[in-house]
Amino acid sequence: MCGIVGLFLKKDDLRPRLGDMLTDMLITMTDRGPDSAGIAIYGDAEAGRTKITVQSEDPARAFADLDAAVSEALGQPVTLTVVDTHAVLIVPDDRVAEATALLEDRGLRVMGSGASMEIYKEVGLPRDVAARFGLRQMGGSHGIGHTRMATESAVTTMGAHPFSTAPDQCLVHNGSLSNHNQMRRRLAKKGVFTRSENDTEVGAAYISSRIAEGASLGEALDGTIRDLDGFFTFVMGTRTGFGVVRDPIACKPAVMAETDDYVAFASEYRAFADLPGIEAARVWEPEPATVYFWER
Amino acid sequence: MTTTLDMTALDLRQVNTRLQAAARAQANEDYVITNPRGSHAMACGLDGPLGVTIKGSTGYYCAGMNKEATITVEGSAGPGVAENMMSGTVTIHGDASQYAGATGHGGLLNIKGNASSRCGISMKGIDIVVHGNIGHMSAFMAQKGNLVVLGDAGDALGDSIYEARLFVRGSVKSLGADCIEKEMRPEHLETLAALLDKAGADARPEEFRRYGSARKLYNFNIDHADEY
Chain A
-10 MCGIVGLFLK
0 KDDLRPRLGD
10 MLTDMLITMT
20 DRGPDSAGIA
30 IYGDAEAGRT
40 KITVQSEDPA
50 RAFADLDAAV
60 SEALGQPVTL
70 TVVDTHAVLI
80 VPDDRVAEAT
90 ALLEDRGLRV
100 MGSGASMEIY
110 KEVGLPRDVA
120 ARFGLRQMGG
130 SHGIGHTRMA
140 TESAVTTMGA
150 HPFSTAPDQC
160 LVHNGSLSNH
170 NQMRRRLAKK
180 GVFTRSENDT
190 EVGAAYISSR
200 IAEGASLGEA
210 LDGTIRDLDG
220 FFTFVMGTRT
230 GFGVVRDPIA
240 CKPAVMAETD
250 DYVAFASEYR
260 AFADLPGIEA
270 ARVWEPEPAT
280 VYFWER
Chain B
190 MTTTLDMTAL
200 DLRQVNTRLQ
210 AAARAQANED
220 YVITNPRGSH
230 AMACGLDGPL
240 GVTIKGSTGY
250 YCAGMNKEAT
260 ITVEGSAGPG
270 VAENMMSGTV
280 TIHGDASQYA
290 GATGHGGLLN
300 IKGNASSRCG
310 ISMKGIDIVV
320 HGNIGHMSAF
330 MAQKGNLVVL
340 GDAGDALGDS
350 IYEARLFVRG
360 SVKSLGADCI
370 EKEMRPEHLE
380 TLAALLDKAG
390 ADARPEEFRR
400 YGSARKLYNF
410 NIDHADEY
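Which chain is which? The protein sequence lines are A and B, in order.
Residue numbering for the first sequence follows our numbering, beginning at -10 and increasing consecutively.
Residue numbering for the second sequence follows our numbering, beginning at 190 and increasing consecutively.
In structure tokens form, the structure reads like this:
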């Protein structure tokens, strides 16, 4: 059992409240996943610049001179924002590979990167994780979150969701995949590698690799129904929106709500209780083996 | 007399304790629950005559094990609504999530919207009327009772069905193992008319088709021995 929440804003005036609304939804899903919690939030993008989110077990030491070191190595200034165990570096688009290698050499864990996506995830209760990162204060156009009850890999930061396997793409999952080892090997043969032992990361890598091969988000999500075996309700975030797909058996719960202001996803209706205008929202259960997505 | 219980002031256990005590006392009173906020296990285990109206949507296992009570959800219901109901009436104004009315022994589950997968799974005498559509694997291993669907049914309807009767007005995406379309006889039309009337459904019995067991799985067939 895990909990998933997602919120996609149709209007800009709610953007400053995105983190606040997502935090309430995430905390409500604590019963479904008290082991770890995470959120991917799509905020403001700056042309020509990429955000890289990194994590460290020892942030005081790791982040102390990080901006100076990276700036010196790249030969141009970078911006660093430290948020508890995480830090977001903003680097020029054409230096991302170089910067990522540098960060990994320094022992930092790369959570994800992208023009607008930032990822924050840690072990602990959703309430505590949200407070550490100040999720309530974060704004943006859309975001997805996850509360984990671990099954397929250990309770660690790297085993927490969301998983990002390509710029601005991330995945959260309720369920368990049974062919993830086989799929991990198949992807490795194509040069697509995962960082953890986790099944969901393989699902994320599968979707990213399909998109990299030219599939649309809809086609890539559709492919999960055919190529991934097991139970899943997936919510996939991209720079422009999010998508939802459930396996054909659909025993993992899912509910959606839509108003003129937003589209919301949750494992249970409880997570919607505080959303503005929920009483008048269209609320429905996404169909099994059917791809839904919203883009701006 | 109607008593209102507000769930912003009372927690779930306090609300259910009040309802269960009133049901046991055979009080036959009416209760209104406000601000349910999708809570789990609301109004479950009511063992006597009682009217309960829930003003909003509910989470898992609402109205489970109901006996004699009349429960109305003025919203949608999460998974397992009216699971193992013995008698009474449960009405859902919105949609119901998966396995609505599972293992129910009696009473009426009246869903005004759609029901999702596994509706009426292993039903044992309950009557279920769904005004919209139902999802896949509905009435799996259904033993007794009636499932009436005004809309369409999903894949594998009535798989491994025993003696429950299934009435569908719309299309059936596919029938499950050992489930077949059956002749609609006068007694079926009569049963269906009574159920439609009781559920306040706007449909005529003649518009429905009946499905049930081919009874081929009841006994072991020696010709299939090689398949095991």
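Even for Gly, the Cβ is constructed at its ideal location relative to N, Cα and C.
Sequence-distant residues of its chain with Cβ nearer than 6 angstroms to residue i (five each side left out)
i	result
Lys110/A	Gly27 and Ala149
His169/A	Asp188 and Val191
Thr261/B	Thr242 and Thr280
Val319/B	Ile300, Ala304 and Val338
Arg399/B	Phe356, Lys371, Met373 and His377
Val118/A	Ala26 and Glu111
Met275/B	Lys256, His294 and Gly295
Asp341/B	Asn322, Gly359 and Ser360
Leu336/B	Gly309, Ile317, Ala328 and Leu355
Glu230/B	The sequence shown places Ala at residue 230/B, not Glu. Cβ within range, chain order: Tyr250.
Residues of its chain near residue i, where Cβ-Cβ distance is below 7 angstroms and the 5 sequence neighbours each way are ignored
i	result
Lys405/B	Asp367
Asp194/A	Looking at the sequence shown, residue 194/A is not Asp but Ala. Cβ neighbours of Ala194/A beyond the five flanking positions: Thr154, Leu176, Val181 and Thr183.
Gly286/A	With chain A covering only -10 through 285, there is no way to say anything about residue 286/A.
Glu186/A	Ser142
Asp211/A	Val280
Ser198/A	Leu176, Lys179 and Val181
Ala239/A	Pro277
Rounded C-alpha distance that separates residue i from residue j
i	j	result
Asp47/A	His75/A	10 angstroms
Ser130/A	Val204/B	39 angstroms
Ile310/B	Val270/B	12 angstroms
Arg177/B	Asp386/B	Look at the range of chain B in this structure, 190 to 417, and you will see that residue 177/B is not part of it.
Ser256/A	Ala403/B	38 angstroms
Gln171/A	Gly219/A	13 angstroms
Arg271/A	Gly324/B	19 angstroms
Arg202/B	Pro265/A	27 angstroms
Thr278/B	Ala258/B	7 angstroms
Gly362/A	Val161/A	It is not possible to answer for residue 362/A, since the shown part of chain A is limited to -10 through 285.
Val361/B	Ala289/B	18 angstroms
Asp225/A	Ala328/B	Per the sequence presented here, residue 225/A reads as Met, with Asp not at that position. Roughly 33 angstroms between the two C-alpha positions.
Ser306/B	Glu247/A	22 angstroms
Lys179/A	Gly314/B	55 angstroms
Phe254/A	Leu15/A	11 angstroms
Thr140/A	Leu7/A	29 angstroms
Glu35/A	Ser105/A	8 angstroms
Arg84/A	Pro5/A	30 angstroms
Glu166/A	Val144/A	Residue 166/A is actually Leu in this sequence, not Glu. Looking at the two C-alpha atoms, the distance is approximately 17 angstroms.
Thr213/A	Ile196/A	7 angstroms
Gly240/B	Leu384/B	21 angstroms
Ser205/A	Gly365/B	34 angstroms
Ala331/B	Val43/A	53 angstroms
Leu78/A	Cys159/A	18 angstroms
Arg173/A	Arg215/A	16 angstroms
Phe122/A	Gly128/A	13 angstroms
Among the options, the one whose alpha carbon lies nearest that of residue i
i	options	result
Lys301/B	Asn322/B, Ile310/B and Ala258/B	Asn322/B
Val112/A	Arg137/A, Gly101/A and Leu11/A	Arg137/A
Ile133/A	Val233/A, Asp250/A and Cys240/A	Val233/A
His135/A	Asp24/A, Phe52/A and Glu268/A	Asp24/A
Pro394/B	Val221/B, Val338/B, Ala232/B and Gly295/B	Val338/B
Lys256/B	Gly245/B, Gly234/B, Pro268/B and Ala266/B	Gly234/B
Thr70/A	Ala57/A, Glu61/A and Gly64/A	Ala57/A
Trp283/A	Ser105/A, Ile267/A, Ile16/A and Tyr251/A	Tyr251/A
Thr193/B	Ala214/B, Lys244/B and Met231/B	Lys244/B
Ala29/A	Phe261/A, Val67/A, Leu124/A and Leu114/A	Leu124/A
Ala214/B	Gly237/B, Leu384/B and Met312/B	Gly237/B
Gly283/B	Thr247/B, Thr292/B, Ala252/B and Ala291/B	Thr247/B
Glu276/A	Ala243/A, Asp249/A and Ala260/A	Ala243/A
Ser45/A	Asp263/A, Arg98/A and Glu274/A	Arg98/A
Asp1/A	Tyr31/A, Met18/A, Cys(-9)/A and Val(-6)/A	Tyr31/A
Own chain, CB closer than 8 angstroms to residue i, minus 5 neighbours either side, in chain order
i	result
Gly37/A	Pro81 and Asp82
Gly401/B	Gly347, Ile350, Glu352, Ala353, Arg354, Leu355, Cys368, Ile369 and Lys371
Ala120/A	none
Residue i: CB within 8 angstroms of a non-hydrogen atom of the ligand SAM
i	result
Leu92/A	The ligand SAM is not among the ligands present in this structure, which contains no ligands whatsoever.
Contact set between the segment 332 to 358 of chain B and chain A, restricted to residues whose Cβ is under 9 angstroms from the partner
Gly343 and Asp344
Between the segment 273 to 288 of chain B and chain A, which residues of the former have a C-beta closer than 8 angstroms to a C-beta of the latter?
Gly283, Asp284, Ser286 and Gln287
Residue ranges of each alpha helix (DSSP H) run of no fewer than 4 residues wholly in the segment 284 to 345 of chain B, ordered along the chain?
none
Quick one: complete beta strand (DSSP E) runs, 3+ long, within the segment 85 to 141 of chain A?
98 to 103, 106 to 112 and 131 to 137
Considering only residues of the segment 168 to 248 of chain A, which uninterrupted beta strand (DSSP E) runs meet the minimum length of 3 residues and lie entirely inside it, listed in chain order?
219 to 227, 230 to 235 and 244 to 247
So if I threshold CB-CB distances at 9 angstroms, which residues from the segment 307 to 331 of chain B count as touching chain A?
Arg307, Gly324, His325 and Met326
Against chain A, which members of the segment 229 to 250 of chain B pass a CB distance test of less than 7 angstroms?
Ser246 and Gly248
Output needed in chain order: residues of the segment 363 to 387 of chain B with a Cβ under 7 angstroms from some Cβ in chain A.
none
Listed in chain order, which residues of the segment 262 to 273 of chain B have Cβ atoms closer than 7 angstroms to some Cβ of chain A?
Ser265, Gly267 and Pro268
Suppose only complete runs of 3+ residues qualify. What are the beta strand (DSSP E) ranges in the segment 11 to 98 of chain A, listed by chain order?
25 to 31, 38 to 44, 68 to 72 and 75 to 81
Cβ-based contacts, 7 angstroms cut-off: residues of the segment 224 to 237 of chain A near chain B
none
In the segment 360 to 409 of chain B, which residue ranges form an unbroken alpha helix (DSSP H) of at least 4 residues, counting only runs that do not cross its ends?
375 to 387
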